[in-house]
Amino acid sequence: MNLTDNTFVTISSVAHYFPPTVINNKYFENYLDTSNEWIVKRTGIHERRFALNGATSDLIIPAAKECLRRRNLRPRDIDCIIVCTVTPDYQFPNTAAVVQDKLGCRNAWGFDISAACSGFVFGLSTAASFVKSGLAKRVLLCGADKMTSVLNLNDRNQAVLFGDGAGVCIIEKSDLPNYGVIDQVLHIDGSGGQYLKKVAGGSFLPAWHSDVKPEDHYIHQEGQTVFKNAVTEMTNATFNLLRKQKLSNKDITWFIPHQANLRIIKSVGEKLGLPNEKVVVTIDKFANTTSATIPSAMSMLWEDRKLRKGDNIIIASFGAGFTWGASLIRWNPYEA
């Protein structure tokens with residue numbers, strides 16, 4: 319769906335939160351057969367944040383409060399909450415309901431989206447469509463994951479890759495034509511589900527089932543297959559989006575890819591013909607926070623005063639499912 323006709327939808331505020339506990343690569347050297355050099359070379363990650371207690375909603379709340387503060391809104395001004403996550407507080411109720419209660423958004427309805435690392439891209443399209451259609455006036459869109467809750471910290475191939483965090487933005491109407499959330503390209507291919515998954519905990523293999531093995535509660539990833547598909551599909555989705563909008567790579571001000579691996583990020587940037595300074599990288603400090611990587615990176619750009627009115631921002635992601643997509647945002651800072 320092209321979102322540029324008649325009604326224009328923008329990101330009016332953005333914020334993020336990472337827990338205070340910093341875990342550097344030296345931590346893993348103490349008990350895993352790994353080294354700082356090996357981790358940095360293979361992933362580009364130097365450190366990450368771990369939440370030592372609490373749930374995914376507890377990562378969202380500080381980011382949501384700051385997001386509201388930056389837009390000078392109160393919780394009651396939000397009428398829809400979308401939480402993009404693969405680490406919900408519970409199987410049910412949904413985490414959006416937990417956030418609604420904790421934040422005090424009494425006028426809001428909401429739900430969760432489970433699209434793994436593509437969650438925020440899918441959620442942005444959903445939120446923008448709701449606002450465009452009039453179904454919601456202001457959507458609190460949250461991308462958050464407590465990946466340590468599904469992470470096997472004794473497996474060096476996954477323990478070093480992930481962190482915990484949240485990114486939150488507010489989606490609402492804009493009076494400025496051709497600014498805000500412009501367009502997107504979204505895809506899913508279920509045949510790739512076997513390569514990146516968590517087996518236990520659903521109806522297919524309930525957590526209590528006698529066949530459940532300890533490793534079934536953790537992430538299973540076939541890295542080479544995921545790497546290859548991530549590079550190919552994020553690149554193709556971005557080029558397809560540019561063609562739809564009659565733009566070229568030279569029109570991109572900022573490219574914010576999902577932060578899964580620095581080698582993936584660099585490969586996609588090179589295939590798109592983008593200079594390094596246009597490709598946003600946060601994985602070195604925060605690792606892969608799944609649904610939180612893109613909104614938190616956008617928030618940090620805003621905090622660093624690097625976003626300007628009219629900037630063309632492409633966000634692109636790839637995740638379990640397989641799911642992938644890209645969105646074009648023409649930055650429009652909210653003016654009260």
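Numbering of the sequence shown is given in the numbering used here, commencing with residue 319 and proceeding in unit increments. C-beta atoms are modelled at their ideal positions from N, C-alpha and C, and glycine is treated no differently.
Beta-carbon gap between residue i and residue j smaller than 8 Å
i           : j           : result
residue 362 : residue 403 : no
residue 335 : residue 484 : yes
residue 607 : residue 465 : yes
residue 504 : residue 440 : yes
residue 333 : residue 367 : no
residue 567 : residue 591 : yes
residue 580 : residue 539 : no
residue 379 : residue 476 : no
residue 502 : residue 628 : no
residue 446 : residue 401 : no
residue 382 : residue 482 : no
residue 558 : residue 510 : no
residue 486 : residue 385 : yes
residue 480 : residue 552 : no
residue 328 : residue 474 : no
residue 638 : residue 434 : yes
residue 534 : residue 517 : yes
Endpoints, the alpha helix (DSSP H) within which residue i is located
i           : result
residue 345 : 343-347
residue 546 : 541-562
residue 585 : 580-589
residue 529 : Unbroken run through residue 529: none, as it is neither H nor E.
residue 386 : 374-389
residue 456 : Per DSSP, residue 456 belongs to no alpha helix (DSSP H); it is in the beta strand (DSSP E), 456-464.
residue 430 : Per DSSP, residue 430 belongs to no alpha helix (DSSP H); it is in the beta strand (DSSP E), 427-431.
residue 619 : 611-621
residue 649 : Here residue 649 belongs to no alpha helix (DSSP H), and DSSP marks it neither H nor E.
residue 359 : 354-361
residue 474 : 474-477
Residue i, enclosing beta strand (DSSP E) - first and last residue
i           : result
residue 491 : 482-492
residue 399 : 398-402
For residue i, the three-state DSSP class (helix, strand or coil)
i           : result
residue 573 : strand
residue 518 : coil
residue 642 : strand
residue 366 : strand
residue 438 : helix
residue 626 : coil
residue 335 : strand
residue 598 : coil
residue 501 : strand
residue 340 : strand
residue 606 : strand
residue 509 : helix
residue 410 : coil
residue 329 : strand
residue 537 : coil
residue 443 : helix
residue 566 : coil
Buried or exposed (CB count within 10 angstroms, at least 16 for buried), residue i
i           : result
residue 451 : exposed
residue 319 : Low per-residue confidence applies at residue 319: pLDDT is 47, beneath 50, and the placement is therefore not dependable enough to give any value.
residue 576 : buried
residue 453 : exposed
residue 408 : exposed
residue 622 : exposed
residue 412 : buried
residue 626 : exposed
residue 525 : exposed
residue 326 : buried
residue 418 : buried
residue 427 : exposed
residue 648 : buried
residue 430 : buried
residue 390 : exposed
residue 656 : Outside the shown range of the chain (319 to 654) lies residue 656, about which nothing can therefore be said.
residue 655 : It is not possible to answer for residue 655, since the shown part of the chain is limited to 319 through 654.
residue 617 : buried
residue 343 : buried
residue 375 : buried
residue 604 : buried
residue 493 : exposed
residue 422 : exposed
Rounded Cβ spacing between residue i and residue j (contact assumed at less than 8 Å)
i           : j           : result
residue 330 : residue 500 : Not confirmed; about 15 Å, so no contact.
residue 442 : residue 459 : 6 Å
residue 601 : residue 583 : 7 Å
residue 414 : residue 399 : 4 Å
residue 497 : residue 371 : Rounded, the Cβ-Cβ distance is 41 Å, inconsistent with contact.
Residue-chain proximity (residue i, chain B), Cβ-Cβ < 8 Å
i           : result
residue 574 : The chain inventory of the structure shown lacks chain B, comprising one protein chain alone.
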